[in-house]
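Colleague:
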Amino acid sequence: MPDLQISGLTKAFDDNVALDDVAIHGKDGELLTLLGPSGCGKSTTLWSIAGLHDPDRGRISVGDAVLFDREQGIDLPPEARECGVVFQSYAVWPNMTVADNVGYPLKLRRVKGAERADRVREVLDLVELGDLAERYPHQLSGGQQQRVALGRALAFPPRLLLLDEPFSNLDAKLRERARTWLRDLQREIGITTVFVAHDQDEALSMSDRIVVMDHGVVRQVGTPEEIYDAPADLFVADFIGTINLLEGHVLRPNRTHVEVAVPGISDPLLAAPTQPLAADAPVTLAVRPETIVIDPAPDQAGLNRVDATVVDRSYLGDHVRYRLQAGSVTLTVQTSQTIVGSTVALGLPIDRTLAYAGGGDRG
Amino acid sequence: MTAATALPTGRLKHSWLPAWVTQYLLWAGGLILIVGPIIPVVWASLWSTPLYEAGGSLTLANYQDLLTDPAWWEAVRNSVVFAVLTTIGSVALGTAMAVLFTRTDLPARRFFSSALLVPVIIPGLPLLLGWTAMYAPAGYVTRWIDEHTPLPIFWDLYSVPGMALVSIGIAAPVVYLLARGALASQDASLEMAARSAGASPLRTLRTVTIPLVRPALLNSSMIVFALSLEVLGLPLILGTSNDIQFVSTYLYDNWLNVVPSQQGLVSAGAVVLLATVTVLLLIRNRLTGDVARFHTVGGKTTSAATVKLGGARWPLFAATAAYFTAVIVIPLGGLLLTAFTTILTPSIDPWTVLSTTHFQKVVDDPVFSRSITNSLTIAIVGGALATVAIAALAIVAHRSSFRHRTSLQYAMVYPRAMPGLVTGMAFFWSFVILDPSGAIRASLWGIGIAFAVRSLALGYSAFYPQLASLGEDLDRAARTSGADWWTAVKTVLFKLLRPAMGVSFVLLFVAMLSDYDPAVFLVTPGTEVMGLTMLKLWIAGSAGPVAALGVIQVAITLVVLGFGRLLFGVRPGA
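Just so you know, the sequences run in chain order A and B. According to the numbering used here, the first sequence is numbered sequentially starting from 151. According to the numbering used here, the second sequence is numbered sequentially starting from 237.
Here it is, written out as C-alpha cells:
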C-alpha cells in the first residue's frame with residue numbers, strides 16, 4: 151500500500167477559508183484520523199481526497215498516482231481515484247440487495263460471473279455479512295448497513311479507505327464494538343485509512359496518528375499519546391479531553407521550567423515550558439485533572455503545592471470529579487480517591503503543568 | 237492483503253459520451269423547448285407581416301394597434317376586475333375552509349376536507365359545463381327556482397361578477413390546499429403557548445394561527461390572480477352571450493374570428509400578457525421565497541389545539557354542506573344529467589328522458605371519437621416522454637457539477653408562468669419558422685410537445701421533492717465506487733426515482749388529458765383534443781354530446797388517479 155501525500159491544499163468559499171495550506175502525510179497502512187470541531191475543514195479534506203470537492207490549490211497523491219494537482223491541471227474525477235468511501239449516512243442503495251451493493255464496483259469494472267460472485271462472498275465474509283447477502287438494506291440494522299457500506303468500499307481493492315464519521319449514527323454501546331471491529335479489520339487488510347471524527351474518544355482509541363485541525367489549519371499531527379500528553383498549542387490542549395487552564399505571567403524563565411505567578415494563588419507555580427518564554431510574558435498553564443495529586447506525601451518531589459476547598463463533587467462510577475477552589479482559581483480534579491472534609495492539599499506535577507505563551511485567547 | 241483468493245482486476249467502464257457533453261445536450265434541449273419558443277412570438281409581434289409570408293419589416297405598429305384599441309382596454313378592465321374578485325373571494329373562502337377543517341370540531345370535517353377538493357382533481361371544463369347547465373340564466377336550477385319558489389335570482393353567470401363566482405368555486409380549493417399545508421406544518425405548540433398565556437381559542441386563531449399562514453395566503457393570492465388573468469374557457473363559455481371580452485378571448489377572437497386574422501396584434505397582446513404574468517410571479521417569488529413553490533401538499537391534519545365551535549357548530553356544518561351541494565354536487569349532477577338525458581329542463585321529469593344517445597353520438601362522430609383517442613395518445617406518450625425529460629433535466633439541474641445548472645432550475649418552473657394561450661402561440665410561430673411544410677403541426681407531435689412543455693413545471697414540482705429527499709451520498713457512493721456521472725444517474729438515481737417518476741407521470745397524464753389552451757392555435761383537422769372540442773362545440777350549441785365527452789374525460793381522470801394512488805400514493809396538488 152502506498153503513502154498518501156497532501157500538500158498546499160487550500161479551499162475558500164467566498165471569504166471563508168475552509169482549508170489553509172493543509173499538508174498531511176499518511177503512512178502506508180496506517181489509520182490516520184482527522185479530528186476537530188465542526189467547520190474545521192476535516193470533511194472538506196476528506197472530500198477533496200475522494201474527488202467530491204474541488205480545492206482551489208494544492209496537490210494530492212497516493213504512491214505514484216497523482217489524484218489532484220492544480221498546477222499541473224490534474225483533477226481525476228471521483229470514479230478514477232479508486233478510493234473506497236464509507237459515508238456518514240452509509241449511502242447503501244435501498245433498491246439493491248447486500249450482494250448487489252457490494253458487487254457494484256466490480257460490475258463497473260467488468261468483473262463477471264463466478265469471479266464476481268467469489269469476490270462478493272469473500273468481502274461479505276470479511277465484513278461478517280455472509281448470511282445476509284440476499285437481504286435488502288431496510289431489513290438490516292444500522293450497524294449491518296454500515297458494514298455493507300464498508301464491504302462496498304473494499305470490494306474492488308481501493309488505494310485508500312476514507313471514512314466519514316462512520317459511527318455517528320450508531321448508539322453508544324454498538325459504537326464501541328464497531329470501533330474495535332473496524333480497527334481489527336483495518337489492521338488485518340493493512341489498508342491506508344483516513345478517518346474523519348469529531349468524537350475524541352473515537353480518535354484516541356482507534357488512530358495510529360491524529361491530525362488535529364481548526365479553521366482549515368493543521369494544528370498538530372501525532373500519535374494519540376503525543377496529542378493528549380503534549381498538545382502543541384492551547385487549542386489542542388483545550389480541544390482534547392478536559393484540562394485546567396490558569397492564566398498568569400512569567401516571573402523567572404528557566405531552561406527546564408518557568409516560575410509563573412497566577413493571580414489568585416499566593417505562591418508562584420513551576421511549569422514545563424512548551425517554547426522559550428521571556429520574563430513578564432503572559433502565559434497560560436494547562437494541567438489535566440487526572441494528573442493532580444490529592445493529599446500528596448510531604449516528601450513527594452516535583453509538585454506545586456496548593457490548598458483548596460471543595461466546591462462540588464460529581465460521582466461518575468469509576469471515578470469522581472471534584473470542583474475545587476484554590477485561592478480565587480477554580481480547579482477540576484479527577485480521582486478515584488475520596489476527599490474527606492472540605493479542605494484538601496493538592497499537588498500539581500511540575501512536568502505535567504505545561505506553560506503556553508499567550509493569554510486565554512485560544513483562537 | 238491477506239485475502240484468500242486472487243484480487244479482482246478490471247478496467248473501468250466508461251459512458252459513451254463524457255458527462256459534460258450529456259449535460260450540455262440536455263441543457264440545450266431543455267432551454268430550446270422551454271424558453272426558445274418565446275423568441276418567435278416576440279419576433280412575430282415586432283414584424284409587420286405574418287412570419288410565414290415573405291417580406292415584412294421590423295415595426296412597433298402591432299403594439300401601437302393593441303394599445304390604442306379600446307376593445308383591448310375594455311378586455312383588460314374586465315380581466316382585472318374578474319381576477320381581483322376571484323382572488324378576494326377564493327382566498328377568503330379557502331382560508332376559512334382550511335381553518336374550519338384543521339382547527340375546529342366541525343362535524344364531518346374529515347369528509348369535507350377531501351370532498352371539497354373535487355374541483356382540483358377533476359378537469360375544469362366539464363365542471364364548468366355542469367355549472368352552466370344548472371346556474372346559467374336558462375339553467376335547470378335557475379329556472380326551477382324561478383318557477384317553483386318566490387326566491388329572487390341574485391346571480392347572473394353571464395356577467396363579470398357571475399363569472400367570478402364560478403371561478404371562486406374552482407379557485408377556492410387551490411387556496412384551501414396551500415393554506416391547509418401551511419396550517420398542518422405549523423407547530424401546534426405555538427398555539428398551545430398562546431393558550432397557556434391566557435388567550436382564548438378564537439383570539440389564538442386571530443393573533444397567532446392566521447398571521448403565521450400569511451405567507452401562504454400571499455403566495456396563493458398571487459397564483460390565483462395570475463391564473464385568473466389568463467383563463468380562457470370560462471369567458472368563452474359564459475361571456476360570449478353578453479359580449480364580455482377578457483384578455484384571453486380578445487386574443488382568441490382576433491386570431492380566429494376576425495377576418496383578416498390579426499396575428500401581429502395578437503402576438504403583441506400575448507407578449508404583454510406573458511410579461512405581466514412573469515412580473516407577477518417574480519414578485520411572488522421575491523415575497524415568499526422559492527421554498528413555497530415546492531411546498532408538498534397533504535401533510536397530516538393535526539387534531540391538536542382544536543377550537544370548540546359550541547353553538548355555531550351545527551349552523552357552520554349546514555353552511556358547509558350547502559356550499560358543497562351548491563358548488564360540487566349540483567354541477568356534477570348537471571353534467572351527468574346533460575349527458576344522460578335527451579333534454580334537460582324543469583318542465584320535464586329528467587328520469588323519463590334518460591338515454592345514451594349522446595354517448596352514441598360521441599362514438600359515431602369522427603371529431604368526438606378522434607378527440608378521445610388523440611387526447612389519450614398525447615397524455616400517454618407525451619406524459620411518458622415528459623416524465624423522462626423532467627427526471628433527466630432535474631438531475632442535471634440538481635445533481636451535477638454542470639456549470640449552467642441554475643439556469644435550468646429556473647427554466648423548469650417557468651412554464652408555470654406562461655399562459656396556455658402564449659405557449660400555443662409560441663409553438664405555432666416556432667413551427668412556422670422551423671417546419672414550413674406543416675408536418676409537425678399536422679401530426680399529434682405539435683400539440684403534444686406544447687402540452688408537455690406546459691405541464692413541465694407541474695411534473696417537476698411533484699418530482700423535485702422526491703429527488704431532494706434522496707441523500708446526495710447515494711450518488712456520491714456510486715461515483716467513488718467507480719461510476720462516472722451518467723452511469724451513476726442511470727444505475728442509482730433513475731432506479732431510486734421510479735416511484736417519483738410514476739407520480740409525475742400520473743399528474744402529467746391528467747393535466748395533458750384535459751389541457752386545451754395551447755391547442756387553440758395549433759389544432760388542425762385531425763389533431764382535435766377533448767378540451768378544445770368540448771369548448772368549440774359547446775359554444776356552437778351542442779350541449780348533450782359535449783357533456784357526454786366531459787363525463788368520459790372525468791371518468792378517465794378518476795380511474796387514472798385511482799390507479800396512481802394505489803400504485804404510487806399520488807395525491808392531487810395545486
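Note that the Cβ used here is the ideal one computed from N, Cα and C, for glycine as well. Quick caveat: nothing in here was measured; it's all calculated off a predicted structure.
Shorter than 8 Å from the beta carbon of Ala240(B) to some beta carbon of chain A?
Modeller: Indexing the second sequence from 1 puts residue 240(B) at position 4. Low local confidence applies: a pLDDT of 46 at Ala240(B) is under 50, so the model's placement there is unreliable, with the coordinate-based value given in what follows. Yes, because at least one Cβ of chain A sits closer than 8 Å to the Cβ of Ala240(B).
Colleague: Run the proximity test for Thr493(A): is its beta-carbon closer than 7 Å to any non-hydrogen atom belonging to the ligand ADP?
Modeller: The ligand ADP is absent from the structure shown, which contains no ligands of any kind.
Colleague: Count the other C-beta atoms from every protein chain shown that fall within 10 angstroms of the C-beta of His288(A), then say buried if there are 16 or more, exposed otherwise.
Modeller: As a working mapping, residue 288(A) is identified with position 138 in the first sequence. Exposed, since its Cβ has fewer than 16 Cβ neighbours within 10 Å.
Colleague: Strictly under 8 Å for the Cβ-Cβ distance: is Leu256(A) near chain B by that measure?
Modeller: Locating residue 256(A) in the first sequence gives position 106, where the first residue counts as 1. Cβ-Cβ to chain B under 8 Å: yes for Leu256(A).
Colleague: Kindly list, in the order they appear in chain A, the residues whose Cβ is closer than 7 Å to that of Pro244(B).
Modeller: The count along the second sequence starts at 1 and reaches residue 244(B) at position 8. The contacting residues are Leu256, Val261, Glu265, Arg269 and Phe306.
Colleague: Quick one: which chain B residues come within Cβ less than 7 Å of Ser239(A)?
Modeller: Stepping through the first sequence from its first residue, residue 239(A) is reached at position 89. Per Cβ cutoff of 7 Å: Gly707 and Asp709.
Colleague: Cβ of Val235(A) less than 8 Å from any chain B Cβ?
Modeller: Taking the first sequence and counting its residues from 1, one reaches residue 235(A) at position 85. So, interface residue.
Colleague: Whose C-beta lies closer than 7 Å to the C-beta of Thr378(B) among residues of the same chain, with five residues either side of it excluded?
Modeller: By one-based count along the second sequence, residue 378(B) stands at place 142. Taken in chain order, the residues that qualify are Tyr371, Ala372 and Ile389.
Colleague: Taking Cβ-Cβ distances shorter than 7 Å, what residues in chain B pair up with Leu217(A)?
Modeller: To locate residue 217(A), count along the first sequence from 1; it is residue 67. Ordered by position in chain B, no residue passes the 7 Å Cβ test against Leu217(A), which lies about 12 Å from the chain.
Colleague: How many angstroms separate the CA atom of Asn478(B) from the CA atom of Tyr394(B)?
Modeller: The count along the second sequence starts at 1 and reaches residue 478(B) at position 242. The count along the second sequence starts at 1 and reaches residue 394(B) at position 158. Inter-residue distance for Asn478(B) and Tyr394(B) is about 6 Å (C-alpha atoms, whole angstroms).
Colleague: Run through DSSP, which three-state label would Gly246(B) get?
Modeller: Position 10 of the second sequence, counted from the start, is the residue given in the question as residue 246(B). Coil, per DSSP.
Colleague: Between the beta-carbon of Gly186(A) and the beta-carbon of Ala168(A), is there less than 8 Å?
Modeller: Residue numbering aside, residue 186(A) sits at position 36 when the first sequence is read from its first letter. Residue numbering aside, residue 168(A) sits at position 18 when the first sequence is read from its first letter. No, Cβ-Cβ distance for Gly186(A) and Ala168(A) is not below 8 Å.
Colleague: Since I believe Gly253(A) is in contact with Arg266(A) (beta carbons under 8 Å), could you give me their beta-carbon distance rounded to a whole number of angstroms?
Modeller: Working through the first sequence from its first residue, we reach residue 266(A) at position 116. Working through the first sequence from its first residue, we reach residue 253(A) at position 103. Indeed they touch by this definition, with Cβ atoms about 6 Å apart.
Colleague: In the structure shown, what three-state DSSP assignment does Tyr108(A) receive?
Modeller: As displayed, chain A neither begins before 151 nor continues past 513, which places residue 108(A) out of reach and without an answer.
Colleague: Residues of chain A with CB closer than 9 Å to the CB of Asp585(B), please, in chain order.
Modeller: The residue you call residue 585(B) lines up with position 349 of the second sequence. Neighbours of Asp585(B) on chain A: none; closest Cβ ~59 Å, over 9 Å.
Colleague: Would you mind telling me which residues of chain B sit closer than 8 Å to Asn319(A), beta carbon to beta carbon, in chain order?
Modeller: Here residue 319(A) is taken as the residue at index 169 of the first sequence, counted from 1. Correct list: empty, because the minimum Cβ distance to chain B is about 12 Å.
Colleague: Are there 16 or more other CB atoms within 10 angstroms of the CB of Ala528(B), so buried, or fewer, so exposed?
Modeller: Here residue 528(B) refers to the residue found at position 292 of the second sequence. With a pLDDT of only 40 at Ala528(B), under 50, the local geometry of the prediction cannot be trusted, and the value read off the model is given with reservation. Counting Cβ neighbours within 10 Å, Ala528(B) comes out buried, since at least 16 surround it.
Colleague: Do the stretch 712 to 728 of chain B and the stretch 647 to 659 of chain B meet, that is, are 3 or more Cβ pairs less than 8 Å apart?
Modeller: no
Colleague: Short of 8 Å Cβ to Cβ, which residues in the stretch 277 to 290 of chain A face chain B?
Modeller: none
Colleague: Going by DSSP in three states, Glu326(A) sits in which element: helix, strand or coil?
Modeller: As a first step, residue 326(A) is located in the first sequence; it is residue number 176 there, counting from the start. Residue state, collapsed to three classes: helix.
Colleague: Can you tell which of Ala328(B), Leu342(B), Val513(B) and Leu463(B) has its C-alpha closest to the C-alpha of Arg450(B)?
Modeller: As a position in the second sequence, residue 450(B) is number 214, starting the count at 1. When C-alpha distances from Arg450(B) are compared across Ala328(B), Leu342(B), Val513(B) and Leu463(B), the shortest belongs to Ala328(B).
Colleague: State whether the stretch 774 to 783 of chain B contacts the stretch 564 to 576 of chain B, with contact taken as three or more CB pairs (one from each stretch) at a distance under 8 Å.
Modeller: yes
Colleague: So, helix, strand or coil for Glu265(A), using DSSP?
Modeller: In the first sequence, residue 265(A) corresponds to position 115, counting from 1. Note: Glu265(A) maps to helix in three-state DSSP.
Colleague: First and last residue of the alpha helix (DSSP H) that includes Ser193(A)?
Modeller: In the first sequence, the residue the question calls residue 193(A) occupies position 43. That run of the alpha helix (DSSP H) goes Lys192 to Ala200.
Colleague: Is the CB of Ser326(B) under 8 Å away from at least one CB in chain A?
Modeller: One-based indexing of the second sequence puts residue 326(B) at position 90. False, the Cβ-Cβ gap to chain A never drops below 8 Å.
Colleague: Using the C-alpha atoms, what's the distance from Leu181(A) back to Val212(A)?
Modeller: Stepping through the first sequence from its first residue, residue 212(A) is reached at position 62. Stepping through the first sequence from its first residue, residue 181(A) is reached at position 31. Cα to Cα, the separation comes out at about 15 Å.
Colleague: Out of Leu294(B), Ala424(B) and Val649(B), point me to the one whose CA is closest to Val444(B)'s CA.
Modeller: Position 208 of the second sequence, counting from 1, holds the residue named residue 444(B). Closest option to Val444(B), Cα to Cα, is Ala424(B).
Colleague: Can you find a CB in chain B that lies within less than 8 Å of the CB of Phe163(A)?
Modeller: Reading the first sequence from its first residue, position 13 is the one you call residue 163(A). No, because no Cβ of chain B sits closer than 8 Å to the Cβ of Phe163(A).
Colleague: From what residue to what residue does the alpha helix (DSSP H) around Ser157(A) run?
Modeller: On the first sequence, residue 157(A) is found 7 positions in, with the first residue counted as 1. Counting along the chain, Ser157(A) sits inside no alpha helix (DSSP H); it lies in the beta strand (DSSP E) bounded by residues Leu154 to Phe163.
Colleague: Here's a check: name, in chain order, each residue in its chain whose Cβ is nearer than 8 Å to the Cβ of Gln238(A), leaving out the five neighbours to either side.
Modeller: Locating residue 238(A) in the first sequence gives position 88, counting from the first residue. Closer than 8 Å at Cβ, skipping near neighbours: Asp314, Glu315, Pro316, Ser318 and Asn319.
Colleague: Grab the span of the alpha helix (DSSP H) containing Gly360(B) for me, first residue to last.
Modeller: Taking the first residue of the second sequence as 1, we reach residue 360(B) at position 124. Per DSSP, the unbroken alpha helix (DSSP H) holding Gly360(B) starts and ends at Gly360 to Tyr371.
Colleague: Residues in its own chain within less than 7 Å of Leu803(B) by CB, not counting five upstream and five downstream?
Modeller: Here residue 803(B) is taken as the residue at index 567 of the second sequence, counted from 1. Closer than 7 Å at the Cβ level, and outside the excluded window around Leu803(B), lie Gly738.
Colleague: Does any residue of chain A have a CB that is nearer than 8 Å to the CB of Arg247(B)?
Modeller: Sequence index remark: in the second sequence, residue 247(B) carries index 11 (1-based). Output row for Arg247(B): interface = yes.
Colleague: Given this structure, state the Cα-to-Cα distance separating Asp364(A) from Arg209(A), to the nearest angstrom.
Modeller: Position 214 of the first sequence, counted from the start, is the residue given in the question as residue 364(A). Position 59 of the first sequence, counted from the start, is the residue given in the question as residue 209(A). Between Asp364(A) and Arg209(A), the C-alpha separation is close to 20 Å.
Colleague: Kindly say whether Trp331(A), judged by its beta-carbon, lies nearer than 8 Å to any beta-carbon of chain B.
Modeller: Counted from its first residue, the first sequence places residue 331(A) at position 181. No, no contact with chain B.
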